[in-house]
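Numbering-wise (my numbering), the sequence shown opens with residue 464 and increments by one. Where is the CB? At the ideal position from N, CA and C, for every residue including glycine. These numbers were taken from a predicted model, which means no experiment stands behind them. In what follows, a single structure is set out as C-alpha cells and then discussed.
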Amino acid sequence: MKKAQEYSIDIVIEPSLDRNVENNFKKVNYRLLIVPFSLLFLFFCFFAFSMEGTFVDTYVKVQKNLFLELNSILSIYPYLAYNITYLGNAIVIFPFVFIFLITAPKFWEVLLTSSLFTLITSAILKIIFAVPRPAAIIDMSTFTIIGRPNILHTSLPSGHSMTAFMVITVLLYAFMPKKNSHKLFWSIALITIGLTIAFSRVAIGAHYPLDVVLGSILGYIITILSVKINNHISWLNWMKNRRFYPIIMFILSIWAYLIILKIIKYNLVVFYLSFIALAVTFLVILNKYVKESKA
Numbered sequence: 464m465k466k467a468q469e470y471s472i473d474i475v476i477e478p479s480l481d482r483n484v485e486n487n488f489k490k491v492n493y494r495l496l497i498v499p500f501s502l503l504f505l506f507f508c509f510f511a512f513s514m515e516g517t518f519v520d521t522y523v524k525v526q527k528n529l530f531l532e533l534n535s536i537l538s539i540y541p542y543l544a545y546n547i548t549y550l551g552n553a554i555v556i557f558p559f560v561f562i563f564l565i566t567a568p569k570f571w572e573v574l575l576t577s578s579l580f581t582l583i584t585s586a587i588l589k590i591i592f593a594v595p596r597p598a599a600i601i602d603m604s605t606f607t608i609i610g611r612p613n614i615l616h617t618s619l620p621s622g623h624s625m626t627a628f629m630v631i632t633v634l635l636y637a638f639m640p641k642k643n644s645h646k647l648f649w650s651i652a653l654i655t656i657g658l659t660i661a662f663s664r665v666a667i668g669a670h671y672p673l674d675v676v677l678g679s680i681l682g683y684i685i686t687i688l689s690v691k692i693n694n695h696i697s698w699l700n701w702m703k704n705r706r707f708y709p710i711i712m713f714i715l716s717i718w719a720y721l722i723i724l725k726i727i728k729y730n731l732v733v734f735y736l737s738f739i740a741l742a743v744t745f746l747v748i749l750n751k752y753v754k755e756s757k758a
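Right, dumping it as C-alpha cells:
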C-alpha cells in the first residue's frame, strides 16, 4: 500500500511542476525584448559614430581604463573569482539543473534550444568582430590574470556570460513567483548571480567589460526567443517515461566523467559542487527507476 502511495505521489507532483513551468513560459512575451534590443542598438550607434580607426582599436580604447580598474577591484579574491567564472561553463553549471530533466522537461526544451542558438551566435560573432583578448594586446604586467592567459581566442562576445545568462533567464521565467514583491526579489537575486558570473570574466583578465555586458544581453535575448519557440512544441516529454531513464543515467555518467577530468586538472571547489549536484540527480533518477520498475 505504501509503495502504491509513493508511486501515485510521484506521478502527481512531476506533471504539476512541468505544467507550472509551461504556464510560466506562456506568460513570457516579446515586450521583454524591448530593453535588451534597445541596449544593443545604442551599442552599435555609439561605435558607428565614434569610430577612430578600426572597430577593434576603438572598442579596446574606449574601455581599456575601465577594464584595468574593474580587473583590479574584482580580482581581490582570486580563488573565489576563478571558481565563480566556471559557472559560465555549460559542463559545470548544467548539473545544477539536471534534476529538471525528469521533473520539468519543458525547462530543458528551452535550455537546449537556447544552448544551440547561443553556441552558433557566439561562434559567428566572435569571427565577425575578431576582437583579441585583453592578454593579447594589453601589457599583461598591468593587470591581473587568474589561470592561464588566453591569447588564442577572440573576445566579443563572452561565451561564458552568454551561457550564464541563458541558464539564469530560463530559471528566472520558469519559476517566476506570482506575487509582485516576490517577483522583484527573485529577479534581482538571479540577475545579480548572473552578473557576478559574467563579471568574473573581467576579474580573471579574460574579457573586457563590454564583452560580458553584450554576452549577458545576447544570452537573455536568445533565451526569450527560445521560450517563445518552445511554447508551440513539446519534444522532451519522453524523459518522464521510465523506459528512458537508463539513457539519461548514461548521459549523466559521461557528464560526471567530464567533471572528474576538470577536478583532476584544476581541483576547484565549484567542480566538486557540480559533481555532487549531478550525483544527487543520478541517485534520484535511479531511485525512481527502481521504484517504478517494482510497481
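Assigned secondary structure, residue i (DSSP; H/G/I helix, E/B strand, else coil)
{"i": "Pro620", "result": "coil"}
{"i": "Pro612", "result": "coil"}
{"i": "Lys465", "result": "Confidence at Lys465 is low in this model, with a pLDDT of 44, below 50, so the placement of that residue should be treated as unreliable; the coordinate-derived value is given next. Lys465 falls in the helix class under three-state DSSP."}
{"i": "Ile667", "result": "coil"}
{"i": "Ser538", "result": "coil"}
{"i": "Asn483", "result": "helix"}
{"i": "Ile562", "result": "coil"}
{"i": "Phe628", "result": "helix"}
{"i": "Thr659", "result": "helix"}
{"i": "Thr607", "result": "coil"}
Host alpha helix (DSSP H) of residue i (start-end)
{"i": "Glu413", "result": "This structure does not reach residue 413, given that the chain is present from 464 up to 758, and the question cannot be answered."}
{"i": "Lys641", "result": "It is not in any alpha helix (DSSP H) - Lys641 carries neither H nor E in the DSSP assignment."}
{"i": "Ser697", "result": "Ser697 -> no alpha helix (DSSP H), and no H or E assigned at all."}
{"i": "Tyr549", "result": "Careful: Tyr549 lies outside any alpha helix (DSSP H) and carries neither H nor E."}
{"i": "Trp701", "result": "Premise fails: Trp701 is in no alpha helix (DSSP H) and is neither H nor E."}
{"i": "Pro568", "result": "Pro568 to Phe592"}
{"i": "Asn492", "result": "Where Asn492 is concerned, there is no enclosing alpha helix (DSSP H), given that its DSSP letter is neither H nor E."}
{"i": "Ile598", "result": "This sequence places Ala at residue 598; Ile is not what is there. Element bounds for Ala598: Pro597 to Ile600."}
{"i": "Phe713", "result": "Tyr708 to Tyr729"}
Span separating the alpha-carbon of residue i from that of residue j
{"i": "Val560", "j": "Ser513", "result": "42 Å"}
{"i": "Ile714", "j": "Leu736", "result": "18 Å"}
{"i": "Phe488", "j": "Val690", "result": "6 Å"}
{"i": "Ile651", "j": "Ser756", "result": "43 Å"}
{"i": "Val630", "j": "Tyr636", "result": "10 Å"}
{"i": "Ile710", "j": "Val732", "result": "28 Å"}
{"i": "Leu533", "j": "Trp698", "result": "43 Å"}
{"i": "Leu543", "j": "Phe570", "result": "29 Å"}
{"i": "Ser471", "j": "Ile739", "result": "With a pLDDT of only 37 at Ser471, under the threshold of 50, the placement of this residue in the model should not be trusted; the figure read from the coordinates follows. Answer to the nearest angstrom: the Cα atoms are 28 Å apart."}
{"i": "Lys725", "j": "Lys703", "result": "30 Å"}
{"i": "Leu749", "j": "Thr566", "result": "14 Å"}
{"i": "His623", "j": "Met712", "result": "26 Å"}
{"i": "His670", "j": "Val753", "result": "47 Å"}
{"i": "Leu505", "j": "Ile717", "result": "43 Å"}
{"i": "Asp481", "j": "Tyr683", "result": "22 Å"}
{"i": "Gly657", "j": "Val676", "result": "11 Å"}
{"i": "Arg611", "j": "Ala511", "result": "34 Å"}
{"i": "Leu529", "j": "Asp674", "result": "12 Å"}
{"i": "Glu515", "j": "Ala742", "result": "52 Å"}
{"i": "Tyr522", "j": "Ser535", "result": "20 Å"}
{"i": "Leu579", "j": "Lys589", "result": "16 Å"}
{"i": "Asp473", "j": "Val484", "result": "Unreliable positioning characterises Asp473 in this predicted model, as indicated by a pLDDT of 40, which lies under 50. The coordinate reading is nonetheless provided below. Each residue's Cα considered, the two are about 17 Å apart."}
{"i": "Val475", "j": "Phe518", "result": "Because the pLDDT of Val475 is 36, which lies under 50, any placement of that residue in the model is unreliable, and the number read from its coordinates should be weighed accordingly. Approximately 56 Å between the Cα atoms of the pair."}
{"i": "Gln468", "j": "Arg706", "result": "Unreliable placement is indicated for Gln468, whose pLDDT of 43 sits below 50; the coordinate value is still reported in the next sentence. Each residue's alpha carbon lies about 21 Å from the other."}
{"i": "Phe734", "j": "Met603", "result": "28 Å"}
{"i": "Lys728", "j": "Ala719", "result": "14 Å"}
{"i": "Asn492", "j": "Met639", "result": "14 Å"}
{"i": "Cys508", "j": "Thr655", "result": "27 Å"}
{"i": "Ser501", "j": "Arg494", "result": "11 Å"}
{"i": "Lys751", "j": "Pro672", "result": "45 Å"}
{"i": "Lys641", "j": "Val573", "result": "21 Å"}
CB contact flag (residue i, residue j, <8 Å)
{"i": "Thr659", "j": "Met625", "result": "no"}
{"i": "Ala666", "j": "Leu537", "result": "yes"}
{"i": "Thr632", "j": "Thr686", "result": "yes"}
{"i": "Gly668", "j": "Pro597", "result": "yes"}
{"i": "Val747", "j": "Ile562", "result": "yes"}
{"i": "Asn700", "j": "Pro595", "result": "no"}
{"i": "Leu721", "j": "Ile614", "result": "no"}
{"i": "Pro499", "j": "Ile680", "result": "yes"}
{"i": "Leu531", "j": "Phe606", "result": "yes"}
{"i": "Thr548", "j": "Ser663", "result": "yes"}
{"i": "Pro620", "j": "Ser577", "result": "no"}
{"i": "Tyr545", "j": "Ile587", "result": "no"}
{"i": "Ile601", "j": "Lys527", "result": "yes"}
{"i": "Leu634", "j": "Leu647", "result": "no"}
Distance cut-off 7 Å: residue i Cβ against heavy atoms of the ligand GTP
{"i": "Leu699", "result": "Ligands are entirely absent from the displayed structure, and the ligand GTP is therefore not among its contents."}
Handout entry: Length at least 4, wholly inside the segment 496-527: the alpha helix (DSSP H) runs in chain order
Key = 497-512
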